[in-house]
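Data first, discussion second: the structure below is written as structure tokens.
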Amino acid sequence: MSQKKENKIGHIVLTVLVGAFIGIGAILPGLSGGVMCVIFGIYRPLMETISHPFVGVKKHWRLLLPTCIGIVIGFVGFAGVLDWLLSKDAILMQSIFLGLLLGTLPSLWKEAGETKRTGASWGVLAVMFLVMVLVLSFLADDESTQMAQMINEMLPQANLAVSANFGGFIIVGVCFALSIVMPGMSFSSPLMCLGLFKPMTENFAALAKLDLSVVPSFVIPVGIGALATVIIFAKPMNYLFEKKTSIGYHLVMGAVFASTVLLIPIEFNGTMHALWCMLALAGGAVAGYFLEVVQGKIKAEKA
């Protein structure tokens, strides 16, 4: 095998690994697939391809094809791990995820403030926070987070709870696509608030075992939601982050703050369980902070 061919294969393998890291980052609460795409230099080619498909595919397919394969491998593979962990102690895992979110907030806040914060920025943050809290709580059901259920009981009841069905999985696709086109937006956190995170990991875990029965009931609605969201939001969000950077990041901050508040656990299985959850939260926060530090260093080196 020639040196040139070996280098080409090595580059493809490396690109698949990068995609796997992006997939894992996309499914972990507190992390953002969009931010991972930015760090690894995938975001611009991806947005260009979405905005101008024919030109983008011709120009970037050698980069995007192995990356997308890696994303699927990382995302589907890690979903099984999360499904197993959630089945052991959902509140403890929720505390870890809350910590991951809290650990990433300082970095996201700093990035949002790199351009001047205006009155419009603060207004967008406040409105987005309020809207997301109300919407996620309004759609909460018995599988949602404790905080979302508590707020739901205070709101007018309209029987609009989201269930793990075709319509609910369309929302999974919407959240996934938004986490890619909106750097900083977490894919998993809103799903946890809606009670869709565990059904999502269960279905991806089944898919990893080549259970094709989940294709019509899960994969297709997720694909519909993701595709529709990309078509509708990719160009506007790309414009917003390029031309109105401060407003774009504060829009994301409002959504992240809302998810963070709704992840706060209220009830525990005794004092020791509460202490373990607090330790898990602290550990998640430290891990989230250092992940952001590492991501920042990688991003700076690539700049």
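Residue 1499 is where the sequence shown starts when you use this note's numbering, and the numbers rise one by one after that.
Quick reminder that beta carbons are idealized off the backbone N, C-alpha and C, glycines included.
Taking C-beta atoms as the reference points, V1679 and A1726 fail to come closer than 8 Å. Counting C-beta pairs closer than 8 Å gives three or more between the stretch 1757-1773 and the stretch 1615-1634, which meets the contact rule.
A straight-line Cα-Cα distance of about 27 Å links G1508 and F1552. Exposure of V1792 is indicated by the presence of fewer than 16 other C-beta atoms within 10 angstroms of its C-beta. The alpha-carbon of I1594 is positioned some 7 Å away from that of G1781. In this structure A1618 is not in contact with M1751, their Cβ atoms being roughly 13 Å apart against a cut-off of 8 Å.
Counting every other CB atom within 10 Å of its CB across the protein chains shown gives L1512 a total below 16, marking it as exposed. Taking each of S1677, L1777, F1667 in turn and checking the Cα distance to G1723, the smallest one comes out for F1667. Straight-line measurement puts the Cα of L1623 at about 32 Å from the Cα of F1576. DSSP places P1714 in no alpha helix (DSSP H); its state is neither H nor E. The C-beta distance from P1714 to G1671 rounds to 14 Å, too long to meet the 8 Å contact threshold. A1524 and S1677 do touch by the CB rule: their CB atoms are close to 6 Å apart, below 8 Å.
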